[in-house]
Amino acid sequence: MLQTSYIRENRDRVIERLAVRGINAAEMIDKVIALDEKRRATQTELDSTLGEANQMAREIGDLYKQGKAQEANAAKEKAGELKQKSGALQEEMAETQNALNELLYHLPNLPHESVPTGKSDTDNEVVSEHGSKPDFGFEPLPHWELVKKYNLIDFELGAKITGAGFPVYIGKGAQLQRALINFFLNEAREAGYTEFIPPFVVNAASGFGTGQLPDKEGQMYHMQLDDLYMIPTAEVPLTNIFRDVILNENELPQKLTAYSPCFRREAGSYGKDVKGLNRLHQFDKVEIVQVVDPEKSYEVLDTMVAHAAGLLDKLGLHYRVLRLCGGDLGFTSALTYDFEVWSGGQDRWLEVSSVSNFETFQANRLKLRYRKGNEKPQLAHTLNGSALALPRIVAALLENYQTENGIAIPEVLHKYTGFESISLND
RNA sequence: GGAGAGAUGGCAGAGUGGUCGAUUGCGGUGGUCUUGAAAACCAUUGAGGGUUAAACCUCCGGGGGUUCGAAUCCCUCUCUCUCCGCCA
């Protein structure tokens with residue numbers, strides 16, 4: 017959530033930045049400023065009315081003590097009037113505040129200076145490309161055929177048990193999954209992140225804190241009986257650890273990591289992109305999160321990008337890094353780098369990681385602050401990234417490491433899998 | 001699921017209608033003393049809004065109510081603890 021004080025003082029810049037997302041926000045911003053002004057004026061009036069009422073109440077107390085009941089009763093009448101007035105003002109305040117919040121909740125974060133203007137993913141900027149496309153010397157299979165051939169994942173079985181998008185991992189397919197999770201977690205730990213196992217279900221306040229609510233309500237599974245949401249990413253419980261927290265300067269940076277299954281309704285998705293592991297309702301992911309000093313957040317973003325890149329390097333995958341354009345940038349993000357791996361069996365790029373700096377956008381909703389020396393607490397910056405999301409990594413590994421009668425496992429995973437290849441004889 | 005108790009400032013813990021934003025202790029910060037440190041002593045120490053600065057306003061788990069006035073009374077929700085039942 018953007019800060020009203022910032023909007024008030026930087027009207028033109030806010031409008032100009034939001035234009036990078038393709039949003040013409042001038043009208044909305046002016047409305048915000050007007051409502052904010054009204055809110056503050058009402059607040060001032062309410063404050064002085066309450067002040068008078070408090071004063072009056074004290075005087076009545078004194079009068080009673082002095083035994084002047086008659087005068088006290090007269091004063092009570094006037095106090096009643098003040099009460100009525102403050103009640104009306106309070107109502108007006110609440111209305112104004114609600115109207116203001118409604119607007120603020122739907123304003124996305126301001127894109128960073130380096131974010132390219134653009135409408136869709138075709139306008140994203142390719143920052144770098146690493147490795148090269150595999151040369152098979154035969155016709156490579158897409159992963160959904162490989163997993164069938166080697167009995168690694170059963171999509172139909174998952175559909176029977178639950179529904180489409182809930183695959184069942186079997187044998188070496190399941191082991192590979194677990195190996196990747198351990199590999200990613202260990203790498204994160206070595207990079208200084210503390211491992212957590214958070215709840216995989218969160219309340220509405222947490223969904224709101226990281227910005228999934230109210231903007232993306234329809235994308236989360238909602239358990240109505242208990243009013244809880246299944247997490248779409250570990251970012252939600254991890255970042256909400258810091259909701260309503262004031263950290264000391266020396267407690268920064270906070271570096272956390274967690275594995276979690278992720279649940280997404282993916283309402284509105286269809287077509288060939290959803291085939292196999294490309295898009296699922298339940299998938300596994302290791303997430304890294306940092307809470308940092310605002311002055312260092314872009315430096316930190318670079319280190320997180322380097323971390324994700326290092327994982328892909330070690331897995332020997334061909335990948336590229338993209339800087340998302342304004343139109344493709346997530347609601348809460350100021351700057352996002354996406355990682356895409358090459359899928360040799362599908363002949364296309366697959367997104368496997370997204371690393372973002374949210375600046376104060378989440379912190380403002382979370383009331384996540386830190387204190388520098390004796391200064392007033394100020395909002396911290398939050399960042400997070402996938403390191404990494406499993407299904408598309410698995411898809412790329414299977415496809416790119418396939419041979420005519422088996423699949424090789426990258427060496428770095430051997431100690432985690434306990435096997436070095438997958439073949440028909442397994 | 002049943003019965004009961006509780007939720008107060010970083011922590012512990014007073015406070016049952018009238019200067020209570022809140023006694024006190026611990027912790028933190030600054031100072032005195034000391035060669036230095038400890039101890040002792042003194043001062044200071046929640047958040048948000050507001051103001052040039054003050055004044056002033058809001059917040060004692062969340063929400064609502066009673067009252068001129070509520071941390072204190074009432075209703076409700078959430079959470080914690082104890083006992084019983086059930087169960088991994």
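Residue 17 is where the first sequence starts when you use the numbering used here, and the numbers rise one by one after that.
Think of the CB as a built atom: it goes at the ideal place given N, C-alpha and C, for glycine as much as any other residue.
Can you look up residue 280 in the DSSP assignment and give me helix, strand or coil? Residue 280 sits at position 264 when you count from the first residue of the first sequence. The three-state reading of DSSP puts residue 280 in coil, since its state is none of H, G, I, E or B.
Residue 256 - DSSP class collapsed to helix/strand/coil: By one-based count along the first sequence, residue 256 stands at place 240. It is helical.
Excluding the five sequence neighbours on either side, which residues of its own chain have a C-beta within less than 7 Å of the C-beta of residue 422, listed in chain order? Here residue 422 is taken as the residue at index 406 of the first sequence, counted from 1. The answer, listed in chain order, is 437, 438 and 439.
Local conformation of residue 301 per DSSP, three classes: Here residue 301 is taken as the residue at index 285 of the first sequence, counted from 1. DSSP places residue 301 within a strand segment (E or B) once states are collapsed to three.
Taking Cβ positions, are residue 395 and residue 376 nearer each other than 8 Å? Position 379 of the first sequence, counted from the first residue, corresponds to residue 395. Position 360 of the first sequence, counted from the first residue, corresponds to residue 376. In this structure, residue 395 places its C-beta atom within 8 Å of the C-beta atom of residue 376.
Determine the burial state of residue 17: buried for a count of at least 16 other Cβ atoms within 10 Å of its Cβ, exposed for fewer. On the first sequence, position 1 is the one that residue 17 refers to. That one is buried.
Three or more C-beta pairs below 8 Å linking the segment 43–62 and the segment 76–94: Taking 8 Å as the limit for Cβ pairs, the verdict is that the segment 76–94 does not touch the segment 43–62.
Within the continuous beta strand (DSSP E) that includes residue 17, where are the two ends? In the first sequence, residue 17 corresponds to position 1, counting from 1. In the DSSP annotation of this structure, residue 17 is not part of any beta strand (DSSP E), being labelled neither H nor E.
What separation, rounded to the nearest whole angstrom, lies between the Cα atoms of residue 230 and residue 360? Here the question's residue 230 lines up with position 214 in the first sequence. Here the question's residue 360 lines up with position 344 in the first sequence. Whole-angstrom Cα-Cα distance: 38 Å.
Complete runs of the beta strand (DSSP E) confined to the segment 115–189 [at least 3 residues]: Within the segment 115–189, complete beta strand (DSSP E) segments of at least 3 residues are found at 141–146, given in chain order.
Residue 181 versus residue 132: straight-line alpha-carbon distance, rounded: Residue mapping note: residue 181 aligns to position 165 of the first sequence, counting from 1. Residue mapping note: residue 132 aligns to position 116 of the first sequence, counting from 1. Approximately 33 Å, taken between the alpha carbons.
On the CB-based measure, 16 or more other CB atoms within 10 Å of its CB, does residue 154 come out buried or exposed? Against the first sequence, residue 154 aligns to sequence position 138. So residue 154 ends up on the exposed side.
Excluding the five sequence neighbours on either side, which residues of its own chain have a C-beta within less than 6 Å of the C-beta of residue 405, listed in chain order? What you label residue 405 is simply residue 389 of the first sequence in a count that begins at 1. Excluding residues within five positions, the ones whose Cβ falls inside 6 Å are 301 and 368.
Under the assumption that residue 258 contacts residue 381 (Cβ atoms under 8 Å), give the Cβ distance between them as a whole number of angstroms. Within the first sequence, numbered from 1, the residue matching residue 258 stands at position 242. Within the first sequence, numbered from 1, the residue matching residue 381 stands at position 365. In fact, because the Cβ distance is near 11 Å, the residues do not count as touching under 8 Å.
If you follow the beta strand (DSSP E) that residue 263 is part of, which residue opens it and which one closes it? The residue you call residue 263 lines up with position 247 of the first sequence. Element bounds for residue 263: 262–264.
Can you say whether residue 246 is buried or exposed, counting buried as having 16 or more other CB atoms within 10 angstroms of its CB? Residue numbering aside, residue 246 sits at position 230 when the first sequence is read from its first letter. It is buried - the Cβ of residue 246 has at least 16 other Cβ atoms within 10 Å.
By how many angstroms is the C-alpha of residue 281 removed from the C-alpha of residue 298? As a working note, residue 298 is residue 282 in the first sequence. As a working note, residue 281 is residue 265 in the first sequence. Spanning the two alpha carbons is a distance of roughly 9 Å.
Coarse secondary structure for residue 32, derived from DSSP in three states: Working through the first sequence from its first residue, we reach residue 32 at position 16. Secondary structure of residue 32 (DSSP, three-state): helix.
Between the segment 120–128 and the segment 100–112, do at least 3 Cβ pairs fall closer than 8 Å? Contact fails between the segment 120–128 and the segment 100–112, because fewer than three Cβ pairs, one in each stretch, are under 8 Å apart.
Can you tell me which residues form a DSSP beta bridge with residue 418? Here residue 418 corresponds to residue number 402 of the first sequence, with the count starting at 1. Residue 418 has 423 as its beta-bridge partners, per DSSP.
Please return the same chain residues whose Cβ sits closer than 8 Å to the Cβ of residue 201, not counting the five positions on each side in sequence. Counted from its first residue, the first sequence places residue 201 at position 185. Take residue 201, set aside five residues on each side of it, and the residues of its chain with a beta-carbon closer than 8 Å to its own are 211, 273, 275 and 302, in chain order.
List the residues that DSSP assigns as beta-bridge partners of residue 394. Here residue 394 corresponds to residue number 378 of the first sequence, with the count starting at 1. Answer by DSSP bridge pairing, in chain order: 386.
Chain-order list of residues whose beta-carbon lies under 7 Å from that of residue 164 (same chain, five-residue window excluded): Within the first sequence, numbered from 1, the residue matching residue 164 stands at position 148. Hits under 7 Å: none found.
Considering only residues of the segment 212–246, which uninterrupted alpha helix (DSSP H) runs meet the minimum length of 4 residues and lie entirely inside it, listed in chain order? Runs of the alpha helix (DSSP H) inside the segment 212–246: 220–225.
Buried or exposed: residue 414, going by 16 or more other Cβ atoms within 10 Å of its Cβ? Along the first sequence, read from residue 1 onward, the residue named residue 414 stands at position 398. With 16 or more other Cβ atoms within 10 Å, it is buried.
Rounding to the nearest angstrom, what Cα-Cα distance links residue 310 and residue 226 in this structure? Position 294 of the first sequence holds residue 310. Position 210 of the first sequence holds residue 226. Taking the straight line from one Cα to the other gives about 17 Å.
Residue 367 lies in the beta strand (DSSP E); which residues open and close that run? Residue 367 sits at position 351 when you count from the first residue of the first sequence. From DSSP, the beta strand (DSSP E) with residue 367 extends over 364–375.
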